[in-house]
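In the UniProt record's numbering, the protein residues as written are 1 to 231. Below is one structure; the comments refer to it alone.
Given below as structure tokens:
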């Protein structure tokens, strides 16, 4: 059963319970039962229900893939898996001018070229319960900086944050052979990048859990009012 996706072993019982409840509940309760079932289905996809990575999973992944980063740092990150979500901070410096398209050789704007990689990647991320959180573009020169790294002169043009459901999802994306052919678009468009995992300490906006709950509650409340008005 653990080999089945959580959408099956959590979602299917939730739907079955909801259908059974609909058969005996008064009609005014139907919208709330439906909203609860839909929210459970959402959580079955959005939350990690499989726990942290096992040592066998980590070893198998590291042996089967090549890495552009420090292998020991990456191993330490995977072995410290707590099974929870994390957020990848990415700093990106695009090429200053158009670059040759890897397939056609035509001069192409870097931000257009990288879309050939980013669109399939984001689709794969969403299918694994992740999503983009922020996409920021530099809007001026450095206003407050000091220390050794401030002297490197790197002008990060884009910064973005991606939410991962778990470190297992990062492993599955990184080892997905579907991205082998399109990774060259990213390499050609981006001349320098730094990516590091972060933990959310505070946010000034509601996340998908609260947003989906709010939308479903509002929909259930409005439907409930409509049902009561008809009866």
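Note that beta-carbon positions come from the ideal geometry of N, C-alpha and C, so glycine has one too.
Between residue 108 and residue 98, the beta carbon gap of about 6 Å places them in contact (Cβ cut-off 8 Å). Under DSSP, residue 161 forms a beta bridge with 89 and 134. The beta carbon of residue 27 sits closer than 6 Å to the beta carbons of 227 from its chain, once the five residues preceding and following it are set aside; these are given in chain order. Exclusion of the five residues before and after residue 171 leaves 61 as the residues of its chain whose Cβ lies within less than 6 Å of its Cβ. Annotated three-state conformation of residue 15 is helix, per DSSP. Look at the beta carbons and you see the segment 5-19 not touching the segment 177-184: under three pairs across the two are nearer than 8 Å.
Taking C-beta atoms as the reference points, residue 174 and residue 54 fail to come closer than 8 Å. Residue 99 is bridged by DSSP to 108.
In the structure shown, residue 194 adopts extended strand secondary structure according to DSSP, grouped into three states. Approximately 15 Å separates the beta-carbon atoms of residue 162 and residue 77; this is outside 8 Å, ruling out the contact. When rounded, the separation of the alpha-carbon atoms in residue 23 and residue 39 is 20 Å. In the three-state scheme derived from DSSP, where H, G and I count as helix and E and B as strand, residue 8 is classed as helix.
The shortest C-alpha to C-alpha distance from residue 158 to any of 59, 147 and 195 is the one to 195.
Of all alpha-carbon atoms in 147, 156 and 148, the one lying nearest the alpha-carbon of residue 141 is that of 156.
Nearest to residue 81 by C-alpha distance, out of 25, 168, 219 and 29, is 168. Residue environment: residue 205 is assigned as exposed (fewer than 16 neighbouring CB atoms within 10 Å of its CB, all protein chains considered). Annotated as distal: residue 164 and residue 72, with beta-carbon spacing of 8 Å or more. With 16 or more other Cβ atoms from the protein chains shown falling within 10 Å of its own Cβ, residue 129 counts as buried.
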